[in-house]
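Numbering (this note's numbering), first residue to last: 162 to 703. First comes the structure, then the notes that go with it.
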């Protein structure tokens with residue numbers, strides 16, 4: 162993808178390269194609240210073969226009523242050949258954000274778009290591309306997750322935005338984080354990466370300010386400006402380890418009713434992101450593949466089973482066995498809810514008949530993962546007692562076949578079995594695309610002793626992974642995890658970046674791209690790793 166927009170155009174509609182080097186605290190908040198005009202550049206999403214959703218944010222110089230913006234989409238960046246357009250209203254009730262879907266476009270075509278304000282001012286120019294139709298020889302997808310702003314620069318976004326071989330972005334969650342400003346003693350915090358608001362976000366105004374803060378980042382703005390994005394939330398867009406009725410990081414006695422916070426998080430996400438209000442959706446990539454956007458956090462997910470009480474029992478092994486054979490297997494536990502499970506099963510069956518790949522975007526990892534028995538030996542000498550106890554508990558659970566993370570699909574084994582069985586019954590060419598863990602993993606998925614598909618699980622853009630607790634060589638740690646987990650075929654437990662998924666009729670290749678650092682603003686790479694799955698094989702190969 163080559164975008165012929167100069168540097169001035171890139172930053173004209175937002176805060177530019179200095180956006181997050183603004184003064185801390187009230188100074189940053191004042192800058193964000195006081196911004197006028199096109200404050201946060203442009204974005205596109207929800208692509209179809211003949212339509213596209215366009216996004217911007219426009220704050221008028223005066224007044225608090227409705228403002229009308231005109232959208233234009235053209236075949237050239239100079240807008241000599243405008244082919245579609247429309248008008249849309251915004252106002253303070255939606256934080257001045259704008260979304261409009263334009264139809265009548267051609268499949269597999271690059272378009273340029275902009276918004277025009279009542280005073281004649283124009284937004285920066287964005288580039289987008291419709292999904293292809295018919296036979297497709299190749300499609301490139303960039304996959305991102307877990308972008309914790311105070312911990313580093315968004316170099317993964319910058320690197321991806323400069324590529325010419327990618328057609329679409331997918332963000333599988335943790336686009337923002339709800340936490341307040343980290344402690345001054347946190348060595349991971351990077352000077353100049355300032356949050357607004359500085360406290361944990363709870364209400365609509367807080368969530369809006371946090372998105373305004375993140376979207377002030379020039380590399381994130383450029384990513385959105387270069388290509389359309391399919392995006393969905395994980396937990397940190399609301400609160401850590403969230404589910405339908407609550408979250409680990411929400412205390413009702415201090416922070417109010419969960420449903421109010423959840424509603425605020427969902428509303429603001431839909432305001433600030435180039436997404437529709439549909440909870441889940443399928444995107445056809447010609448005859449080549451179907452990409453599925455899912456929702457596995459706030460609408461249907463049941464509360465994860467609590468394994469903690471078993472560790473604290475008088476006889477932990479007996480308690481763990483009872484947990485394993487009882488509540489952990491509860492068939493009523495679900496990540497997606499029955500309506501979405503049914504939709505997905507029917508969609509995979511219909512799409513598999515056409516021979517297409519089924520690319521299933523998921524916020525959390527599906528692959529089975531237990532703690533290696535010698536993992537405690539890998540910890541840093543100064544690891545906290547809590548960390549050591551957690552590793553020991555997880556190793557103990559692993560001896561009984563129990564996973565490390567109850568918040569992932571591992572914690573919902575009956576629901577996991579239903580999903581994979583549906584893929585097997587459809588004879589789907591299933592490729593899972595997931596995030597959340599902050600580290601990189603590759604799985605050949607198995608259900609009932611038979612191959613069911615593969616999973617490319619992505620590493621974080623900036624969020625810290627398990628390497629922070631480790632003194633051992635990351636290669637040794639990765640080898641230990643692979644040895645302890647039959648589905649796991651490869652792992653990297655120390656580096657940041659993003660994934661590239663290359664799709665052809667015969668093969669899907671996943672490439673984990675590792676940035677050299679997130680502590681300085683650079684797009685230098687530290688390496689890549691590739692694995693692939695061939696059509697009909699349902700297992701990964703190097």
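Just so it is clear, CB atoms sit at the ideal spot from N, CA and C, and this is done for glycine as well. The structure displayed is predicted, hence computed values, not measured ones.
- Apart from sequence neighbours up to five positions away, the residues of its chain that approach residue 425 with a beta-carbon distance below 7 Å are 364, 365, 368, ordered along the chain.
- In the three-state DSSP reduction, residue 194 falls in the helix class (H, G or I).
- Ranked by Cα distance from residue 637, the first of 690, 586, 536, 494 is 536.
- When DSSP states are grouped into helix, strand and coil, residue 261 belongs to the strand group.
- Rounded to the nearest whole angstrom, the C-alpha separation of residue 547 and residue 212 is 51 Å.
- Annotation note: the segment 429-453 contains the following uninterrupted beta strand (DSSP E) runs of length 3 or greater, listed N- to C-terminal: 442-446.
- Judged by DSSP in its simplified three-state form, residue 548 adopts helix.
- Straight through space, the alpha carbons of residue 220 and residue 259 are spaced by roughly 10 Å.
- Residue 458 and residue 687 have their C-alpha atoms spaced approximately 33 Å apart.
- Bounds of the alpha helix (DSSP H) holding residue 509 are 499-514.
- Residue 531 has its alpha-carbon roughly 7 Å from the corresponding atom of residue 562.
- Apart from sequence neighbours up to five positions away, the residues of its chain that approach residue 646 with a beta-carbon distance below 7 Å are 529, 530, 531, ordered along the chain.
- Distance from the Cα of residue 489 is smallest, within the candidate group 215, 593, 569, for 569.
- Assignment of residue 413 by DSSP, reduced to helix, strand and coil, places it in the helix class.
- In the DSSP annotation of this structure, residue 664 is not part of any alpha helix (DSSP H); the continuous beta strand (DSSP E) holding it starts and ends at 658-664.
- In the displayed model, residue 213 falls within a strand according to three-state DSSP.
- Put simply, of 386, 602, 700 the residue whose alpha carbon is nearest the alpha carbon of residue 642 is 602.
- Contact fails between the segment 287-306 and the segment 647-654, because fewer than three Cβ pairs, one in each stretch, are under 8 Å apart.
- Going by DSSP, residue 486 is part of the alpha helix (DSSP H) stretching over 477-486.
- Of 406, 431, 430, 427, the smallest CA-CA separation from residue 419 is found for 406.
- When secondary structure is reduced to three states using DSSP, residue 463 falls in the coil class, being assigned neither helix nor strand.
- Fewer than three beta-carbon pairs drawn from the segment 579-590 and the segment 621-633 are found closer than 8 Å, and the two stretches are therefore not classed as touching.
- CA-to-CA, the gap between residue 551 and residue 673 works out to about 28 Å.
- Check the Cα spacing between residue 344 and each of 333, 332, 336, 360: the tightest is with 360.
- In this structure, DSSP gives residue 355 a state outside helix and strand, which the three-state scheme calls coil.
- The criterion of a C-beta distance shorter than 8 Å is satisfied by residue 595 and residue 524.
- Around the beta carbon of residue 560, fewer than 16 other beta carbons sit within 10 angstroms, so the residue counts as exposed.
- Bounds of the alpha helix (DSSP H) holding residue 365 are 365-375.
- When the Cα atoms are used, residue 433 and residue 375 turn out to be separated by approximately 11 Å.
- Cβ neighbours of residue 252 within its own chain (closer than 8 Å, five residues either side excluded): 225, 226, 227, 228.
- The residue from 451, 509, 597 with its alpha-carbon nearest to that of residue 664 is 451.
- An exposed status is given to residue 439, since fewer than 16 other beta-carbon atoms sit within 10 Å of its beta-carbon.
- As a beta-bridge residue in DSSP terms, residue 283 pairs with 277.
- Residue pairing by DSSP places residue 669 opposite 664, 694 in a beta bridge.
- Take the alpha-carbon of residue 481 and the one of residue 465: they are about 15 Å apart.
- Annotation: the continuous beta strand (DSSP E) that includes residue 332 extends over 329-332.
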